[in-house]
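Here the structure comes first, spelled out in structure tokens, and everything after it is commentary.
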Amino acid sequence: DGIRDAKYRTGIHRAIENTFQELLNIEGLDLKPVNSEVDEILNCEDYLSAKSATPKPIHQIHDCDHDAYRNRGHMKNELRALKAANEKRFSIVTYLHRKALKVRLRKTPNAGLRMQIAPDSLKGLDIYHSPFSPLPQEVLNANSITPFFTVYDLILIKHPEFFKGNQQPELTRHLDNLSGKEWICCISESTRNDLLEINPKLNPDKVKVTHLAAGTHFYPCNDQQRYAQIQAKYKLPSGSYFLSLSTLEPRKNIISAIRAFLELAKSGECSEASLVLVGGLGWNFESTINEIEGSNKLKERIILTGFVDDADLATIYSNALAFVYMSYYEGFGLPPLEAMQCGTPVITSDNSSLPEVVGDAGILLNADDQDGLKQAMLNFYNDNELTANYSEKSQIRAQQFSWKACAHQTANAYQEALT
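Here is the structure:
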């Protein structure tokens, strides 16, 4: 989804994309990209072509007619374009065209079937690394291949209350079925510890940490002309503001930031500040919206931007008084690191992986410490010297993380697995 639409380029997409690009630069590592979903072969090829003048060819593993699936890809992309056009402006011609195309798509050979992996396609491979999808059974059955997969978090198991419906059994079943042959990359020590706690049968020596990083497009950007353009684009405030960035959903605990800000605004202690919330609507977001709507006139000082283009984020981070991120649980926590790399002071929770990422370069609080959050926000609002100090500490801390380092940690795990 992230290949087709920037709105889906969330933390996991960023992790896969950046690690892959850096792995390509490591000498002696012959990387063969594989598309796990045969329906997406066309988008994968287009993505690789857009990223490089000499793109890596996709290593075809599915036992099927790949040209037929490229044709299915064209039809699916056309359907998406027609849907977007109809949502923008309804047209009966577009509607009927879309309906006919859906019928054609359903009638294509093997529609909806899981494609088997051709056994010969796995010959010559030393490692098969799945950075997201479950490992194919054919890979697990192949004695000559060392399987790797990446675990981003165990939120589904640790905190099922933060998800809609009961999605836990599938993940639990996947973890219970691990044979011990697999090597696992975890994106933080926190995630690694959670995994080994949940599945003590795993060999700790085969569970490695590959820390994520913030992209190079996150940097201190205080160009006021640039900010004026972005301010107009997203209707940002002309004065100072606190910032939070996440999907609006219960786990992210945006309500804590809203309540702390409203208390400060009502008291008059932050009379000129606003609160900017960047991110799309997640599940059960209504309580967040109700909290804002119930604040009467003060709601005008809370700005919901919705999705923000990657190219605009550095400027929005850099111009904030502080970045507030009181999440209840993270597998890593990219937004605080992105903010730190932009030189923005961070106030965040003291749970899961967040202390591991932020260290002493930010303010760490209990996720429900409303008074502590309010005081931290007020301190950054009033004290320019404190803000400058944490800005400097943030940038120094952020230098400890890079996608190059993440790729080398991954490659080192490959090397260890093969020796």
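Quick note, the sequence shown lines up with residues 22 to 440 if you use our numbering.
Just so it is clear, CB atoms sit at the ideal spot from N, CA and C, and this is done for glycine as well.
If you're wondering where the values come from, they're calculated on a predicted model, not measured in any experiment.
Asked: Can you tell me the Cα-Cα spacing of P157 and T326, whole angstroms?; Found: 40 angstroms
Asked: Rounded to whole angstroms, what's the CA-CA distance from L134 to R127? Just pull it up for me.; Found: Model confidence at L134 stands at a pLDDT of 48, short of 50, so the residue's coordinates are unreliable and nothing is read from them.
Asked: If distances are taken between C-alpha atoms only, which option among L283, T365, H150, D330 comes closest to E293?; Found: L283
Asked: Going by beta-carbon coordinates alone, are R272 and Y350 separated by less than 8 angstroms?; Found: yes
Asked: I'd like the list of long-range same chain contacts for A132, defined as Cβ closer than 6 angstroms, with 5 residues on each side in sequence excluded.; Found: With a pLDDT of 49 at A132, under the threshold of 50, the predicted position of this residue should be treated as unreliable, though the coordinate-derived value follows. Correct list: empty, nothing qualifies.
Asked: Taking 8 angstroms as the threshold, find out whether the region 341-349 comes into contact with the region 248-260 through three or more Cβ pairs.; Found: no
Asked: Mapping the DSSP letters down to three states, classify P168 as helix, strand or coil.; Found: strand
Asked: Would you call P140 buried or exposed, if buried means 16 or more other Cβ atoms sit within 10 Å of its Cβ?; Found: exposed
Asked: Do M361 and A419 have their C-beta atoms closer together than 8 angstroms?; Found: yes
Asked: Tell me whether E218 is buried or exposed, calling it buried when 16 or more other Cβ atoms sit within 10 Å of its Cβ.; Found: exposed
Asked: What residue does the beta strand (DSSP E) around W204 start on, and which one ends it?; Found: 204-207
Asked: Between which residues of its own chain and F422 is the CB-CB distance below 8 angstroms, once the five residues before and five after are set aside?; Found: H232, L233, A234, A235, L358, V378
Asked: Name the one or two DSSP bridge partners that I384 has.; Found: I368
Asked: So, with DSSP's three-state summary, where would you put G133?; Found: With a pLDDT of 47 at G133, under the threshold of 50, the modelled position of that residue is not reliable, and no figure is offered here.
Asked: Consult DSSP for T326 and reduce its assignment to one of helix, strand or coil.; Found: strand
Asked: Measuring only the C-alpha atoms, how far is T408 from Y402?; Found: 8 angstroms
Asked: Give me the Cα-Cα distance between C427 and N317, rounded to the nearest whole angstrom.; Found: 46 angstroms
Asked: Once DSSP output is grouped into helix, strand and coil, what is the label at L156?; Found: coil
Asked: So, helix, strand or coil for K229, using DSSP?; Found: strand
Asked: Provide the residue(s) that pair with F344 in DSSP beta bridges, ordered along the chain.; Found: L264, V367
Asked: Helix, strand or coil: how does DSSP classify I47 here?; Found: coil
Asked: For the alpha helix (DSSP H) that S339 lies in, which residues bound it at each end?; Found: 331-339
Asked: Alpha carbon to alpha carbon, how far is F170 from P155? Give it in angstroms, no decimals.; Found: 8 angstroms
Asked: Check whether the Cβ atoms of S211 and S373 lie closer than 8 angstroms to each other.; Found: yes
Asked: With H, G and I counted as helix, E and B as strand and the rest as coil, what does DSSP make of H150?; Found: strand
Asked: With I148 and Y435 assumed to form a contact (beta carbons below 8 angstroms), what rounded beta-carbon distance in angstroms separates them?; Found: 6 angstroms
Asked: Could you check which residue in Y116, P168, F153 has the C-alpha nearest to that of L143?; Found: P168
Asked: With C-beta atoms as the reference, is A397 less than 8 angstroms away from I384?; Found: yes
Asked: Does the beta carbon of L283 sit closer than 8 angstroms to a beta carbon anywhere in chain C?; Found: The structure shown has no chain C; it contains just one protein chain.
Asked: Just verifying my parser: in three-state terms, what is the DSSP assignment at L52?; Found: coil
Asked: Look at the alpha carbon of K425 and the alpha carbon of C242, and state the distance between them as a whole number of angstroms.; Found: 23 angstroms
Asked: Would you give the residue range spanned by the beta strand (DSSP E) that S295 belongs to?; Found: 295-299
Asked: CA-CA distance, N162 and E437?; Found: 21 angstroms
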